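Visitor: In the working numbering, the protein residues as written are 1 to 127. Just so you know, even glycine gets a beta-carbon here, dropped at the ideal spot from N, CA and C. Since this is a predicted model, take the numbers as computed values, not measurements.
1) Would you list the residues sitting across from residue 109 in a DSSP beta bridge?
2) Take the Cβ of residue 44 as the centre, count every other Cβ of all protein chains shown within 10 Å, and call the residue buried at 16 or more, exposed below.
3) Within 10 angstroms of its Cβ, does residue 55 collect 16 or more other Cβ (buried), or is it exposed?
4) Nearest CA to the CA of residue 87: which residue from 13, 74, 67, 48?
5) Out of curiosity, what's the CA-to-CA distance linking residue 111 and residue 91?
6) Check whether chain B comes within 7 Å of residue 91, counting only Cβ atoms and requiring the distance to be less than that.
7) What residue ranges within the stretch 51-121 form continuous beta strand (DSSP E) runs of no fewer than 3 residues, ordered along the chain?
8) Measuring straight from C-alpha to C-alpha, what distance separates residue 76 and residue 25?
9) Locate the alpha helix (DSSP H) running through residue 26, then write down its first and last residues.
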């Protein structure tokens, strides 16, 4: 006798049945992170901008002045300065003045590692 299995195409459960203990455990774990999640979301929001990602990757090559960053990215110094301030406010960049020049560098090797790891994962997925 041949049996056929039903192919489910709905993205939702068709019945109400849940694992109460598993749900309770996961809810408790998420509650522990409740304070950090808005901060984490804000950081990902900042990283969700290609200009800021380009700036971070450019600075991964070493310290650059604002005018050099502007030339690398292809934007005005005013536009780059605005983006640099956002990144610096997160603590990701260090700034130093040298006369009339302002230089930026990455403060976080962990951020650079995370960006490179994410890029590697994306390349693997697209391959």
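Guide: Reading from the atomic positions:
1) Within the chain shown, numbered from 1, the residue matching residue 109 stands at position 109. Per DSSP, none; premise fails for residue 109.
2) Walking along the chain shown from the start, residue 44 turns up at place 44. That one is exposed.
3) Working through the chain shown from its first residue, we reach residue 55 at position 55. By the neighbour-count definition (other C-beta atoms within 10 Å, threshold 16), residue 55 is a buried residue.
4) Within the chain shown, the letter at position 87 stands for residue 87. Ranking the options by Cα distance to residue 87, first place goes to 48.
5) Taking the chain shown and counting its residues from 1, the one referred to as residue 111 is at position 111. Taking the chain shown and counting its residues from 1, the one referred to as residue 91 is at position 91. Rounded to whole angstroms, residue 111 to residue 91 spans 11 Å at the Cα level.
6) The structure shown contains no chain B; it holds only a single protein chain.
7) 93-98, 101-106
8) In the chain shown, counting from the first residue as 1, residue 76 sits at position 76. In the chain shown, counting from the first residue as 1, residue 25 sits at position 25. Going from the Cα of residue 76 to the Cα of residue 25 covers about 50 Å.
9) Translated into the one-based positions of the chain shown, residue 26 becomes position 26. That run of the alpha helix (DSSP H) goes 20-32.
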